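A quick write-up on the structure given underneath.
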Amino acid sequence: MYNENQENYYQRILANSISSRNPSEKAKQRAREKSPLYFEDLKRRLLLDFEGKKLTDIKNSEIISTNFGDTLKITTTEKIDFKIEDNDFKNQINHNLKLLPKIGIKKEENLKNNGYDTIESLKGHDAYGDIASKFLDEIDEMPFCEIMNLLDRNKYSKGCRDNLLKCISLTDCENFKFMDIETKGLSNVPVILIGVAEIKGKDIICSQYFLRNYTEEDALLDAYLSHLDEDSVHVTFNGKSFDVPFIKNRCTYNRIEANLDLPHLDLMHFAKNLWKDELPNYKLQTIEREFFGIERHDDVPGQYIPGYYDTYLSENNIGPIVPIIEHNRQDIVSLAAFLEKMYMDVN
Numbered sequence: 004m005y006n007e008n009q010e011n012y013y014q015r016i017l018a019n020s021i022s023s024r025n026p027s028e029k030a031k032q033r034a035r036e037k038s039p040l041y042f043e044d045l046k047r048r049l050l051l052d053f054e055g056k057k058l059t060d061i062k063n064s065e066i067i068s069t070n071f072g073d074t075l076k077i078t079t080t081e082k083i084d085f086k087i088e089d090n091d092f093k094n095q096i097n098h099n100l101k102l103l104p105k106i107g108i109k110k111e112e113n114l115k116n117n118g119y120d121t122i123e124s125l126k127g128h129d130a131y132g133d134i135a136s137k138f139l140d141e142i143d144e145m146p147f148c149e150i151m152n153l154l155d156r157n158k159y160s161k162g163c164r165d166n167l168l169k170c171i172s173l174t175d176c177e178n179f180k181f182m183d184i185e186t187k188g189l190s191n192v193p194v195i196l197i198g199v200a201e202i203k204g205k206d207i208i209c210s211q212y213f214l215r216n217y218t219e220e221d222a223l224l225d226a227y228l229s230h231l232d233e234d235s236v237h238v239t240f241n242g243k244s245f246d247v248p249f250i251k252n253r254c255t256y257n258r259i260e261a262n263l264d265l266p267h268l269d270l271m272h273f274a275k276n277l278w279k280d281e282l283p284n285y286k287l288q289t290i291e292r293e294f295f296g297i298e299r300h301d302d303v304p305g306q307y308i309p310g311y312y313d314t315y316l317s318e319n320n321i322g323p324i325v326p327i328i329e330h331n332r333q334d335i336v337s338l339a340a341f342l343e344k345m346y347m348d349v350n
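Take the position in the sequence shown, starting the count at 1, then add 3; the result is the number in this note's numbering.
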């Protein structure tokens, strides 16, 4: 039945749309900030504001050396209260009979109706005893990446998909690599900025690598790869489809050997499952605004970034790339907040 809460929700959503009969001032401002003229004007203002400034004038920036030459690194550190509370996940796995081969939703239901509530209890089953014993022996020694792969391959039920989030309690928070890239286009063009955020105790440390000119892409890629090891977990927003394949392609182009086949949490997919009834769309900035109250100003959307970068090069002026660096930094910090909220929601 339609109720007052629903009405208030729809009124709020409609007020945030410029096409509504009575759009809010925020909606009007957002519409202005999406127009091409706005971004041309913003670029002109940035060129004036940063005239004569050098890249090393950007706060916390430095030139670093890599195996492939020098590149620019910007490092920022913020306090963060990031908590992944223990959820006894190994015990939860024990109750998910569908992780065993040839057990689907109906078979699990039948087995539980006959008293087989856990994989442990199946060790005494005539048909599944050997499979259950082998699974329990393997899961105790299984590395985190293999547990994620096991859960990712499981095709049964929403609960199994949520387990991909629940299982992160089994790894150290410092293994998460919150990553986002900015590029010159959608394919076969350079990466111009890579940002990676890492949890270190009570801090989140953002390392961003910027392409000062087209000759430095190999150094930029190598600098990012130095953050990865066998325990790393990529955390991205649409990174399975875009960011990681893009980096792989650019590593191949630059003849850099890289293992990017790491456990991967693409938070866009989880957002669609968890928050489909709470959000008007699944854009990263919509989630920031709706759940965390973050409103970005003078943020440069992806479609304008190639043109801004071209202006940086042609005018020898850092102004146009300053908001791109901030856009990238905010993206990777937000990913940490998203992951923590998602983990809390599924638990």
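Every residue, glycine too, gets a C-beta built ideally from N, C-alpha and C. Quick caveat: nothing in here was measured; it's all calculated off a predicted structure.
DSSP, read as helix, strand or coil, puts G198 in strand.
Remark: C-beta atoms of N90 and N350 approach each other more closely than 8 Å. Remark: C-beta atoms of L224 and I171 do not approach each other more closely than 8 Å. Residue pairing by DSSP puts L75 in a beta bridge opposite I66, F213. The closest CA to that of Y256, considering only H300, A200, T314, V194, is found on V194.
Distance check between I83 and each of P39, A339, Y346, K344 places A339 closest, using alpha-carbon atoms only. DSSP places D183 outside any alpha helix (DSSP H); the residue lies instead in the beta strand (DSSP E), whose first and last residues are 179-186.
DSSP, reduced to helix, strand and coil, places K46 within a helical segment of the structure shown. Counting only runs that start and end inside the segment 286-331, the alpha helix (DSSP H) elements of at least 4 residues fall at 287-295, 308-318. By the criterion of a C-beta distance shorter than 8 Å, E343 is surrounded in its chain by F85, K86, I87, once the five residues flanking it on both sides are discounted. According to DSSP, I208 shares a beta bridge with T80, E201. Here H300 is exposed, its C-beta having fewer than 16 other C-beta atoms within 10 Å.
Distance between N70 and G322, taken at the CA atoms: about 29 Å.
Under the criterion of beta carbons closer than 8 Å, M182 and V238 qualify as touching, at roughly 7 Å. In this structure the segment 173-182 does not lie against the segment 126-142, because fewer than three pairs of beta carbons, one per stretch, are closer than 8 Å. Excluding its 5 nearest sequence neighbours in each direction, L40 has no C-beta neighbour in its own chain below 7 Å.
Y217 counts as exposed, since fewer than 16 other beta carbons sit within 10 angstroms of its beta carbon. Of the other Cβ atoms in all chains shown, 16 or more fall within 10 Å of the Cβ of E291; this residue is therefore buried.
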